[in-house]
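Quick mapping for you: the protein sequence lines, in order, are chains Z and U.
If you read the first sequence in our numbering, its first letter stands for residue 1151, the second for the next number, and so on.
If you read the second sequence in our numbering, its first letter stands for residue 14, the second for the next number, and so on.
Note that CB positions come from ideal geometry on N, CA and C, so glycine has one too.
Owing to the predicted nature of the structure, the values given are computational and were not obtained by experimental measurement.
Working notes, beginning with the structure itself.
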Amino acid sequence: MKILIAGAGKVGATMVRQLSDSDLEIVLIDNDKEALEANCERYDVMGLLGNCASVPVLEEAGVAQADLLIAATSLDEVNLLCCATAHHLNPRLHTIARVRDPEYSDEIFTLKEFFGLSMTINPEQTAAEEIASLIRYPAFLQRDRFAKGKVEIVELQVEENSPMCHVALKDLSRVAGCRVLVCAVIRDGKSVSPGGSFVLEAGDRIEVTAPASNLNKMLRHLGFITVKPRRVILCGGGKVSYYLSRRLITNGIEVQIIDSDPERCRTLAESLPEVSVICGDATDKELLEKEGLSSCDALVTLTGRDEINVLISLYARSRGVPQVITKQSDTGRFAILGELPLGAVISPKELCSNAIVQYVRTFRDQSGDTPVSVQPIADGAAQACEFLIRDDEPHQNIPLKDLKLKPGILIAAVTRGRSTMIADGASSFKGGDSVIVVAGSELLHFRDIFA
Amino acid sequence: MNYKSIGHFVALIAAIEAVFLLPALLLALAFGEPQAVFPLLWTIGIALALSGLLFLLTRGARREFHEKEGLACVSLGWIVMSLIGCLPFFFSGKIPSFVDALFESVSGFTTTGSTILSEVASWPRSLLYWRSFTHWVGGMGVLVLLLALAPTGGQGFTMHLMRAESPGPSVGKLVPQIRKTARILYLIYFALTLLETVLLLIARMPLFDAVCIAFGTAGTGGFGVTNGGLADYSPAIQTIVGVFMFIFGVNFSCYYLILIGKIKNVLKDEEMRWYMAFSAIGIAVITFNIRAQYGTLGESLRHAFFQVGSIISTTGFATTDFNQWPLLSQAILVFFMFTGASAGSTCGGMKMSRVIMVLKNLRRNLRQIIRPNRVSVVRVNKAAVDEGILSNVNTYLACYVIILIVSFLLLAPDMPDMTSGFTAIVACFNNIGPGLNVVGPMGNFSGFSDFSKIVLIFDMLAGRLEIFPMLALFSTATWSHR
């Protein structure tokens, strides 16, 4: 399969990294020679210097033979033009465009139709959606959905006074009041695949698989506060803030945005009537206190500078804000940040390239043997993969305890039709089911899980 | 400063006024009114002579208009227009004093409707027609008419002219071309006037009265053609006029939106809603307040409806002497004198949209004192209002109050009593017509001295032209480059 990627920026590079190790033919187009060379040296891709929206460049990149085009330059208009031109040159080409201007995002369905796009991606909007879903459930540090939203793997923190503390994993379902499965525990920064006798301690972070319908019940039993937040402070007034505020307001949550640029504040105040926009420096302690930091229900740091975000988040944690979410653009620092008591960390570009990689995976092979969805969990130490079971799968209807799996592989959940089973030794799967498998590394095929 | 282009425009205005005087002359001939024929002829002659002279002097003028030319043109144009317009009254000897004649003419063009006359029954009908016609021209504005008639592609017909003459804090175009915008406005204006005339005829009003009253309503002026004003006509006629006073108080762009099928936008319009709400509350309170005087609730409602419509649209017709009303009702009427109706209509006063902006801006600024870091914007119709417009509205309000106070002090030596003096200024400045007490609906302004009348003339012009053009006339910044 041949993929063209236009734009070797952060999103482009992340995608190249994630896609280049599989058997894909990738052509990367950019007009920045240095960025192009850096990517070509590191990964097995072909680089092409030029304007991705021009016909000769697209032809040279082999648009006629390509199956998929991902336009991820920093300019929405260039991305749209690139996709439209390429689509004309090759009508069976699938196109994905990054479109992130709020003015276009409101009419995205029309644009998709006009430009023949298969998919549009908006890192800021995706991040906003992710943050909004976290804010709805303050306890979650991360939240991944599988099987069309029927199963979730959520990351939770074990606190000193939590009912989970000092509980062995085999007893956790009893404490939680419903079937749950811990697929990974992060202790002291290291991910461990736990056995049933593993005892949870304060400070552990656990990855729990649970049916989406039981989330509220589980949280209540595990001693987490499940009340809806009423007031959220957003530091930084960028695009993520804009999209996030709109979501929060529709959920009836009060929003305050702090930004230091007066013009940006004015624009925000014009476009978001219900939001209280405050012009000032979000690192100013006085200002934060004046705007009611100590009594807010959640704080999200969304300024353009990662260091500032970490700083404000740490301060907010120390002031006892129940939920703090930090945005990071540079994913290279995630390893260090995992050590800090930050709470949830979000990277818009990572989320966005994940979404594209997801699409590529489903697109690449619709036979069902490859995962339809792969989500990194436990700080990337493990991957949760979702497979659709084919009708001719040889291991159907065999209880899981009788299956010989490779070490480190865990079948977490099986969904059949509307029902969801958190897997135990007696569970089995058959054709048509969705199976969620947690593994130490990415799985390319379902058959790879068996020993 | 481009003096030549200003001169050119004044010449155009004088010429067009000569054309306007022709129907009056024909009426004078048709009705056989010799005492009006010659004054009208003389006036037309003077207007044409002045126009010709100015055309000769300003040959080869570059049609270049900027803010100051626009402002100067409007104010000078209106002064010249009023000076020519008063000549028929003066020459005919119907108003022997020149200042009185000028007062009457300015009152006509500015659609005020204040009069120094105690009776008009003995007047030649051609002059009464001219007096009412000045309302109609003044209502939409003579410069807007010039813009509508201007040949295509004419350079220099900029928004500056239209903005200087049209009422409201932010004047916009309806369609991309200013000439077409002006035409649409005049077409709507003409159609509504015609509609009212026809309805009045159906209600058995004599043709001459119907036309003149329709002129007075359309321009929101208020000159009548009988001694008793609107009180002389049947309730049906009064109701028609009452409804049309409200109609002419609506922003004309609303009618354009209705014409192009965007009626939803009109119903959602904030200014429209405030206008409706203010009027409805005013009518309700007054109806209840005056019911003892009229016996039945229906009768009180009819009078309250008419008087509120008359005052809020700054027309100034009266079906009853509201001097006799309880003070609460009078106070409500005085309040409406200040607010006026919608911007972009033919009415005077502060305009509803300014009131809305001033109040919203005030609320915003007060909140800013409590929370200095909070950034908030003033919204009208859900759209953010530009800070420049808000500052302009605040400046307007300041000028408005200062002119009101200075006029009050200047008029003080001459006032029969506080209420008469104060409401005389309010009525003139807001282009309403009648005030209270001596200058009430059944009284007139003849008691004031010439000096006081000149002050009121200035107030009327300042009120109609929305203050800034008149002040620009007295500013050195207009006349020099410093």
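Look at the Cβ atom of residue i, then the Cβ atom of residue j, and state whether they are nearer than 8 Å.
i                 : j                 : result
Phe104 (chain U)  : Pro36 (chain U)   : no
Ser326 (chain U)  : Gly229 (chain U)  : no
Val1450 (chain Z) : Leu1384 (chain Z) : yes
Leu441 (chain U)  : Asp463 (chain U)  : The residue asked about is misnamed: residue 441 (chain U) is Cys in this sequence, not Leu. No, they are not a contact pair.
Ala1326 (chain Z) : Met1368 (chain Z) : yes
Met1196 (chain Z) : Leu1225 (chain Z) : no
Gly60 (chain U)   : Ile97 (chain U)   : The residue asked about is misnamed: residue 60 (chain U) is Ala in this sequence, not Gly. The answer is yes: Cβ separation under 8 Å.
Gly311 (chain U)  : Asn443 (chain U)  : no
Ala177 (chain U)  : Leu84 (chain U)   : yes
Ser1343 (chain Z) : Gly1212 (chain Z) : no
Ile1586 (chain Z) : Phe1296 (chain Z) : yes
Glu209 (chain U)  : Ile253 (chain U)  : yes
Gly1216 (chain Z) : Lys1152 (chain Z) : The residue you asked about is not Gly; residue 1216 (chain Z) is Ala in the sequence shown. A contact, by the Cβ cut-off of 8 Å.
When the Cα of residue i is compared with those of the options, which residue comes out closest?
i                 : options                                    : result
Ser1523 (chain Z) : Z:Thr1476, Z:Val1588, Z:Glu1441            : Z:Val1588
Leu1234 (chain Z) : Z:Ser1204, Z:Ser1363, Z:Glu1210, Z:Val1325 : The sequence given here has Ala at residue 1234 (chain Z), not Leu. Minimum Cα distance to Ala1234 (chain Z) is reached at Z:Ser1204.
Gly241 (chain U)  : U:Ser139, U:Val254, U:Thr332, U:Gly232     : U:Thr332
Thr123 (chain U)  : U:Gly232, U:Thr436, U:Arg192               : U:Gly232
Glu1302 (chain Z) : Z:Pro1313, Z:Leu1464, Z:Arg1324, Z:Leu1331 : Z:Leu1331
Ile1271 (chain Z) : Z:Ala1534, Z:Ala1601, Z:Tyr1509, Z:Asp1354 : Z:Tyr1509
Ala1448 (chain Z) : Z:Gly1493, Z:Pro1241, Z:Asn1547, Z:Leu1555 : Z:Gly1493
Asp1180 (chain Z) : Z:Ala1158, Z:Ser1283, Z:Val1382            : Z:Ala1158
Val391 (chain U)  : Z:Glu1279, Z:Ile1336, Z:Leu1422            : Z:Leu1422
Pro1498 (chain Z) : Z:Glu1274, Z:Cys1202, Z:Thr1260            : Z:Glu1274
Ser1578 (chain Z) : Z:Ile1561, Z:Arg1329, Z:Lys1262, Z:Lys1298 : Z:Ile1561
Glu1424 (chain Z) : Z:Asp1434, Z:Glu1436, Z:Val1405, Z:Asp1541 : Z:Val1405
Thr489 (chain U)  : U:Leu54, U:Lys81, U:Asn278                 : U:Lys81
Just the chain U side, please: which residues come within less than 9 Å of residue i by C-beta, in chain order?
i                 : result
Ile1428 (chain Z) : Arg384, Asn386, Arg387, Val388
Arg1416 (chain Z) : Val388, Val390, Ala397, Glu400
Could you work out which residues of chain U lie near residue i, taking near to mean beta carbons separated by less than 7 Å?
i                 : result
Glu1404 (chain Z) : Near Glu1404 (chain Z) there are no residues of chain U at all, since even the closest Cβ is about 13 Å away, more than 7 Å.
Glu1424 (chain Z) : Here the premise fails: no neighbours, minimum Cβ distance about 11 Å.
Leu1437 (chain Z) : Asn386
With a threshold of 8 Å between beta carbons, is residue i in contact with chain Z?
i                : result
Arg376 (chain U) : no
Ala475 (chain U) : no
Gly166 (chain U) : For Gly166 (chain U), the predicted structure reports a pLDDT of 47, less than 50, and the residue's modelled location is therefore unreliable. A value from the coordinates is still provided. No, Gly166 (chain U) does not count as interfacial toward chain Z.
With 8 Å as the threshold, decide whether the Cβ of residue i is near any Cβ in chain U.
i                 : result
Ala1419 (chain Z) : yes
Val1166 (chain Z) : no
Gly1157 (chain Z) : no
Ala1589 (chain Z) : no
Is there contact between the segment 41-48 of chain U and the segment 1555-1575 of chain Z, where contact requires at least three CB pairs shorter than 8 Å? no
Should the segment 215-233 of chain U be regarded as contacting the segment 134-153 of chain U, the criterion being three or more beta carbon pairs within less than 8 Å? yes
On the three-pair Cβ rule with 8 Å, is the segment 341-352 of chain U touching the segment 299-306 of chain U? yes
Counting beta carbon pairs with one atom in the segment 249-261 of chain U and one in the segment 204-213 of chain U, are three or more of them shorter than 8 Å? yes
Under 8 Å: do the segment 1313-1330 of chain Z and the segment 1338-1350 of chain Z share three or more Cβ pairs, one atom per stretch? yes
Taking three-plus beta-carbon pairs below 8 Å as touching, is the segment 1253-1267 of chain Z in contact with the segment 1406-1423 of chain Z? no
On the three-pair Cβ rule with 8 Å, is the segment 1182-1194 of chain Z touching the segment 1234-1246 of chain Z? no
For the segment 471-486 of chain U and the segment 183-203 of chain U, state whether three or more C-beta atom pairs, one from each stretch, are separated by less than 8 Å. no
Contact between the segment 85-92 of chain U and the segment 100-118 of chain U is defined here as three or more beta-carbon pairs at a separation below 8 Å; is this criterion met? no
Touching or not, the segment 1403-1412 of chain Z and the segment 353-370 of chain U, by the rule of three or more beta carbon pairs under 8 Å? no
Counting pairs of Cβ atoms below 8 Å between the segment 346-362 of chain U and the segment 394-409 of chain U, do you hit three or more? no
Whether or not the segment 1539-1558 of chain Z and the segment 1356-1365 of chain Z are in contact is what I'm after, with contact meaning three or more pairs of Cβ atoms, one per stretch, closer than 8 Å; do they touch? no
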